[in-house]
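Following this note's numbering from start to finish, the sequence shown increments by one per residue and tops out at 354. By construction, the Cβ of each residue, glycine as well, lies at the ideal position given by its N, Cα and C atoms. If you're wondering where the values come from, they're calculated on a predicted model, not measured in any experiment. Below is one structure, written out as structure tokens; the observations come after it.
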Amino acid sequence: MLRQSWLAWYMRFWGCLGEGDEGVRWYVMGDDDSIFFVDNWVDILGKYDHTKYVYIGGQSEFIMSNFWFSFDQGFGGAGFALSYPLVAAMVKDLEGCLRRYPYLNSADLITKYCVDELGVPFSSERGIHQIDLRGDISGFLSSHPQSPLLSLHHFDMVEPIFPSMDRFQSTNHLMKAAKIDQSRMLQQTICYQKQTNWSFSISWGYSAHIYEKVLPRSVLKRPLETFGPWLKAKPPLYMFNTRWPPFVDPCEAPHVFFFESIDSSRGNNQIVTTYVRSSPRGLPACSSSGNHSADYISRVRVFSPMTKHLEIERSECCDIVKVSTKNITEIKFRACKDDEIIA
Ligand SMILES: *[C@@H]1O[C@H](CO)[C@@H](O)[C@H](O)[C@H]1NC(C)=O
Ligand SMILES: *[C@@H]1O[C@H](CO)[C@@H](O)[C@H](O)[C@H]1NC(C)=O
Ligand SMILES: *[C@@H]1O[C@H](CO)[C@@H](O)[C@H](O)[C@H]1NC(C)=O
Numbered sequence: 012m013l014r015q016s017w018l019a020w021y022m023r024f025w026g027c028l029g030e031g032d033e034g035v036r037w038y039v040m041g042d043d044d045s046i047f048f049v050d051n052w053v054d055i056l057g058k059y060d061h062t063k064y065v066y067i068g069g070q071s072e073f074i075m076s077n078f079w080f081s082f083d084q085g086f087g088g089a090g091f092a093l094s095y096p097l098v099a100a101m102v103k104d105l106e107g108c109l110r111r112y113p114y115l116n117s118a119d120l121i122t123k124y125c126v127d128e129l130g131v132p133f134s135s136e137r138g139i140h141q142i143d144l145r146g147d148i149s150g151f152l153s154s155h156p157q158s159p160l161l162s163l164h165h166f167d168m169v170e171p172i173f174p175s176m177d178r179f180q181s182t183n184h185l186m187k188a189a190k191i192d193q194s195r196m197l198q199q200t201i202c203y204q205k206q207t208n209w210s211f212s213i214s215w216g217y218s219a220h221i222y223e224k225v226l227p228r229s230v231l232k233r234p235l236e237t238f239g240p241w242l243k244a245k246p247p248l249y250m251f252n253t254r255w256p257p258f259v260d261p262c263e264a265p266h267v268f269f270f271e272s273i274d275s276s277r278g279n280n281q282i283v284t285t286y287v288r289s290s291p292r293g294l295p296a297c298s299s300s301g302n303h304s305a306d307y308i309s310r311v312r313v314f315s316p317m318t319k320h321l322e323i324e325r326s327e328c329c330d331i332v333k334v335s336t337k338n339i340t341e342i343k344f345r346a347c348k349d350d351e352i353i354a
């Protein structure tokens, strides 16, 4: 019964497409509890040839979801894209395809089966997020893969992503930054303050972390495991490496700041984002920083150029400019030099 009504819906959904849609290049399908970063979708889809058969989506973060469904499917909630010619080819015998797999009961998996029948491979984009995670996903969002942010699903299943805001407020808050520079959203930029041996990791538009130790990029790129898996399972749980949140080690535990405000009206071709300390860290200083505690830093302010991040092949570099009288660390983003090693 359930499958019958679902099939009817699926037929209506794709069946109505492909005709009378002149000029359409892509169809993107996703759930209504997802946030879509539309400018970034336009940029990413622009890298693919919409006149060919193209199927783009995102894997789940949770290994077992991919295992149970498929490692080669675009998860439907997070959103996937099909080029116009691929949809036009699929709808020619959509009912036949549905009938060939009567045992499938999810729209995203059956789409993958029908796409497979046409011999079209799956292209995975790392900015499409199913968020098959639970709890506090701030660690995940603070070490985003180096790829444009496209979607965040399951926003009603995880904790609000900003402290002392509800989900709705958090979403609107995140979109303040996204409206001004979507290309940099959550892109991670790392730099070091030599005098104190501090590491800075900025997830643009979301968070800033200060560590009182020089931690290599390869370490900082691994998300702090602040979150839990979608369902109980044995490790390994995630499709990426993580770090355990080091709550007690003053050399490994970050000072955490969250996005507060954005200003693009100051001119100089610059955007200014400010990140405010969420709570005192409550730990002594790390001795490898010569006992230079970052406790007094109240905010981190980031100056980034208006250039689109997509046009930069590598991550950006940054310099610590100064600490202002109000204990705000000012950081300037810039393009990395040709052979610059960020360490
Ligand atoms: C920074 O770390 C290096 C190497 O561990 C150490 O030699 C130096 O003294 C440290 N600097 C400070 C200010 O502690
Ligand atoms: C940091 O402080 C600890 C404890 O007060 C002390 O033992 C250590 O020598 C200090 N380290 C540096 C580099 O000043
Ligand atoms: C900056 O930090 C220092 C050291 O903790 C503190 O004494 C001072 O009041 C702070 N300044 C401001 C403006 O918060």
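How big is the Cα-Cα spacing for Pro261 and Phe211?
Between the alpha carbons of Pro261 and Phe211 lies a distance of about 15 Å.
For Met12, three-class secondary structure by DSSP:
Confidence is the limiting factor: at Met12 the pLDDT is only 37, short of 50, which leaves the residue's position unreliable and the question unanswerable from this model.
Which residues bound the alpha helix (DSSP H) around Met101?
Its alpha helix (DSSP H) spans residues 95-103.
What's the call for Thr62, buried or exposed, on a 16-neighbour Cβ count within 10 Å?
Around the beta-carbon of Thr62, fewer than 16 other beta-carbon atoms lie within 10 Å, marking it exposed.
Quick check on the contact list: which residues have their beta carbon closer than 7 Å to a heavy atom of ligand 1?
Qualifying residues come out as Gln206, Thr207, Asn208, Val225, Ser299, Ser300, Gly301, His303.
Can you look up Gly10 in the DSSP assignment and give me helix, strand or coil?
Absent from the structure is residue 10, since the part of the chain shown begins at 12 and ends at 354.
For the putative contact between Ile373 and Trp209, defined by C-beta atoms under 8 Å, what is the C-beta separation to the nearest angstrom?
A question about residue 373 goes unanswered here, because the residues of the chain that appear run from 12 up to 354.
Using CA atoms only, rank isn't needed, just tell me which of Gly138, Ser76, Leu115 is closest to Pro159.
Here the closest residue by C-alpha is Gly138.
In DSSP terms, what Leu235 is bridged to:
Partner(s): Arg254.
Host alpha helix (DSSP H) of Lys187 (start-end):
Annotation: the continuous alpha helix (DSSP H) that includes Lys187 extends over 178-191.
Can you tell me whether Met40 is helix, strand or coil according to DSSP?
Strand.
Three-state secondary structure (DSSP) of Asp274
Strand.
Along the chain, where does the beta strand (DSSP E) containing Trp209 start, and where does it finish?
Note, Trp209: beta strand (DSSP E), 209-214.
Lys337 and Ile273 - do their beta-carbons sit closer together than 7 Å?
Taking 7 Å as the cut-off, the Cβ atoms of Ile273 and Lys337 do not count as close.
Alpha carbon to alpha carbon, how far is Ser45 from Phe78? Give it in angstroms, no decimals.
Phe78 and Ser45: Cα-Cα distance of roughly 22 Å.
Are there any heavy atoms of ligand 3 lying less than 6 Å away from the beta-carbon of Lys333, as far as the coordinates show?
The answer is no for Lys333.
Got a sec: does ligand 3 put a non-hydrogen atom nearer than 6 Å to the Cβ of Tyr307?
Result yes, Cβ under 6 Å from ligand 3.
Counting beta carbon pairs with one atom in the region 138-153 and one in the region 229-245, are three or more of them shorter than 8 Å?
Remark: three or more beta-carbon pairs, one from each stretch, lie closer than 8 Å, so the region 229-245 and the region 138-153 are flagged as touching.
Rounding to the nearest angstrom, what Cα-Cα distance links Val131 and Ile67 in this structure?
Distance between the alpha carbons of Val131 and Ile67 is about 10 Å.
Quick one: Cα of Ser315 to Cα of His140, how far?
Cα-Cα distance, rounded: 25 Å.
Beta-carbon proximity list for Ser304, same chain, < 6 Å, skipping 5 on both sides:
Excluding residues within five positions, the ones whose Cβ falls inside 6 Å are Ala296.
For Glu351, does the three-state DSSP call read helix, strand or coil?
Looking at Glu351 - three-state DSSP - the assignment turns out to be coil, as it is neither helix nor strand.
Closest by C-alpha distance to Ser153, when choosing among Ser175, Leu56, Phe268:
Considering only Ser175, Leu56, Phe268, the residue with the shortest C-alpha distance to Ser153 is Phe268.
How many whole angstroms separate the CB atoms of Ser162 and Gly85, which I take to be in contact at a CB cut-off of 8 Å?
No, Ser162 and Gly85 are not in contact; Cβ-Cβ is about 11 Å, not under 8 Å.
Of the residues Trp255, Arg228, Leu226, which one's Cα is nearest the Cα of Phe238?
Measuring from the Cα of Phe238, the nearest candidate turns out to be Trp255.
Top-ranked residue by Cα proximity to Thr318, from Asp350, Asn279, Ser94:
Distances from the CA of Thr318 to each of Asp350, Asn279, Ser94 were compared; the closest alpha carbon is that of Asn279.
Mind listing, in chain order, the continuous beta strand (DSSP E) runs of no fewer than 3 residues lying wholly within the region 73-155?
Here the runs fully enclosed are 91-94, 133-135, 144-146.
Is Asp330 helix, strand or coil by DSSP?
Three-state result, Asp330: strand.
On the CB-based measure, 16 or more other CB atoms within 10 Å of its CB, does Asp43 come out buried or exposed?
Exposed, since its Cβ has fewer than 16 Cβ neighbours within 10 Å.
Tell me whether the beta-carbon of Asp127 lies closer than 7 Å to the beta-carbon of Gly87.
Between Asp127 and Gly87, the C-beta gap is not smaller than 7 Å, which leaves the two residues out of contact.
Is the distance from the Cβ of Ser181 to the Cβ of Ile191 below 7 Å?
It is not a contact, given that the beta carbons lie outside the stated cut-off.
Where the beta strand (DSSP E) through Ile308 begins and ends:
First-last for Ile308: undefined, no H or E at that position.
Sub-7 Å separation of Thr285 and Ile308 beta-carbons
Cβ atoms of Thr285 and Ile308: not closer than 7 Å.
Between Lys343 and Ile142, what straight-line distance do the alpha-carbon atoms span, to the nearest angstrom?
Approximately 31 Å between the Cα atoms of the pair.
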